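Read the structure below first, then the notes.
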Amino acid sequence: MADVERVQPDGFTGTYSTPPEGLAVDPATFQQAAWWRADFAAESFEGLLGRLAAPAEGMTLPQGSRTVELTIDSPRGAAGLELRAALRRPDGSFTSTEPLTLAEGSHPYVLDVSGGTSLLSLTFEAPSTTTHTRRMLLMMTGVRLDGAPMSLAGWAPIGSLGAGGRITPASGGWTFTASFAIGSALVAIEPKPVAVPAIMSSDIAQQEPTTMQLRIGDRTLPIQRVGTATSFSGIAPGTPFIVVSGPALFELQGAVPGQGGRVNEVWTHGDTDPTAAIQAAGFPVIDLLSARTIEGRLDEAPESLAVGLDAAAAIAGLGLVIAGVTATLYFAQRRRDFEFASLRAMGAGAPALRGTIAREQFALIGVASIAGVLLGDVVVRLATAPLLRTVSTSFPTPVIVIDVAALIVALIVIAVAATVAAVTATHALLRSSISAVLRGDPE
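FYI, in my numbering the residues of the sequence shown are 10 to 452.
Here it is as structure tokens:
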């Protein structure tokens, strides 16, 4: 099974007929749960997903870390803000420390980071959303991790709902110029994030730069294109899309307490239905889409019924054809016996007769085989479009996939059967009595 989040990215500069869609996937599990077609991209599916691997975000905490200490000089407007540290636990989940309320003036604060493996951010949250833009200077000094100096060099403000700011070195510490936007309630700083790797559709790749800033959820994130595809599993054909690394996205979203990424889909491949396991874990299953359901709709479609009736009629017709051809061949064979007896009477040798029969049979069987393959290809192509229109699920334009191994086996069987038939026919014709055949009626 693979955990997937369907996201709605925003912030593109190009022009698109339909809004781009997005998926956040874990490259370690997605390949086993998703389907793929080789014509979706020039690169293999495994190669594309491998490019989604990204380094861990945040600042790694030494094992056994307990506290982050710092002194903050807060102006009057910052009084009441709640200071938290966002952490990643060993199991990959996210949490935050208990809030510490800022007071006006210079005061020390101690954050309990025990149980965390990475420090994702330091956040300052207002009791309510702001009704007007405002800026404030927060002077942070004496930043320490378990008593050892801790540097904020390379840290950057988090862009969330228009909020942001700037962090700069200052005497003995750092100055965070926090900017609240209308409707925002939180400002934060984090270790400068690595751009989230993403696979993009061809139309997005043509209109957007390789590295861009996109808004996913409440955060504006750096996104870097690492691969391109024309279509992708789970995305309707013709829809612009972006597929990002789920672990990288969740870590950046987890840096904002309460805003972590939420898995909203579970994909699986095979006969096992994950519904019961998902419900047993306490999660509701709102909708289910399965290949079996789609196949059932296709089976019930009028076009499928028509194809089935056509197949039954074709099989019945084939039986009549076989009977008719058998009767025709009986009289035709008598004609052939007369022709070959005449050739033998005129001195034609056995090698010449064998060559004639072999060329004739292989030409007939070869033409019939090629015509059958081409006819089957045409019928499948004509039946595909009406069938796909009968289901609500969108599919990329189908392609005809030939089972090369089965085709080779079929051709070998045909060749062997034709050879046996030609040898048997030649043997029978050469052993027949010339006088007996010529005395008979050739017709």
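Just so it is clear, CB atoms sit at the ideal spot from N, CA and C, and this is done for glycine as well.
All values derive from a computational prediction rather than experimental measurement.
- Pro246 sits in coil when the DSSP states are folded into three classes, being neither helix nor strand.
- A distance below 7 angstroms between beta-carbons, with the five flanking residues on each side excluded, links Ala190 to the following residues of its chain, in chain order: Thr142, Leu170, Gly171 and Ala172.
- Between Ala51 and Phe241, the alpha-carbon positions lie close to 13 angstroms from each other.
- For Gln222, the enclosing beta strand (DSSP E) begins and ends at Thr220 to Ile225.
- When beta bridges are read from the DSSP output, Trp183 appears opposite Met149 and Pro178.
- Within the segment 52-100, the complete alpha helix (DSSP H) runs of at least 4 residues fall at 54-59.
- DSSP places Leu230 in the strand class (E or B) of the three-state scheme.
- In the three-state reduction of the DSSP assignment, Thr24 falls in the coil class.
- Met148 and Pro117 have their C-alpha atoms roughly 12 angstroms apart.
- Straight through space, the alpha carbons of Thr365 and Gly356 are spaced by roughly 15 angstroms.
- Measuring C-alpha to C-alpha distances from Val432 to each of Phe371, Gly381 and Val418 identifies Phe371 as the nearest.
- The distance from the Cβ of Val413 to that of Val252 is about 30 angstroms, inconsistent with a contact at the 8 angstroms cut-off.
- Contact annotation: Thr138 and Ser74 have beta-carbon atoms that are not nearer than 8 angstroms.
- Under the DSSP assignment, Ala286 falls in the alpha helix (DSSP H) whose first and last residues are Thr284 to Ala289.
- Pro202 and Ala286 have their alpha carbons spaced roughly 35 angstroms apart.
- The segment 15-35 makes contact with the segment 242-262; the number of CB pairs closer than 8 angstroms reaches 3 or more.
- Assigned with DSSP and collapsed to three states, His278 falls in coil, not helix or strand.
- About 6 angstroms separates the Cβ atoms of Glu274 and Arg15, confirming a contact at the 8 angstroms cut-off.
- Take the alpha-carbon of Arg228 and the one of Ile417: they are about 55 angstroms apart.
- The Cβ atoms of Gly89 and Leu61 lie no closer than 8 angstroms to each other.
- For Asp212, no beta strand (DSSP E) run applies; the uninterrupted alpha helix (DSSP H) run containing it begins and ends at Ser211 to Gln216, by DSSP.
- Contact between Thr69 and Ser115 fails: their C-beta atoms lie close to 30 angstroms from each other, not under 8 angstroms.
- Spatial neighbours of Gly236 in its own chain (CB-CB distance under 6 angstroms, excluding positions within 5 residues in sequence) are listed in chain order as Leu57, Arg60 and Ile208.
- With contacts defined by Cβ atoms closer than 8 angstroms, Ala11 and Ala42 form a contacting pair.
- Its chain contains Gln41, Ala42, Ala43 and Trp44 as the residues whose beta carbon lies nearer than 8 angstroms to that of His278, once the 5 sequence neighbours on both sides are disregarded; these appear in chain order.
- Between Gly385 and Glu217, the C-beta gap is not smaller than 8 angstroms, which leaves the two residues out of contact.
- Listed as beta-bridge partners of Ile251 by DSSP are Gly31 and Met209.
- Per DSSP, reduced to three states, the secondary structure at Thr239 is coil, with no helix or strand assignment.
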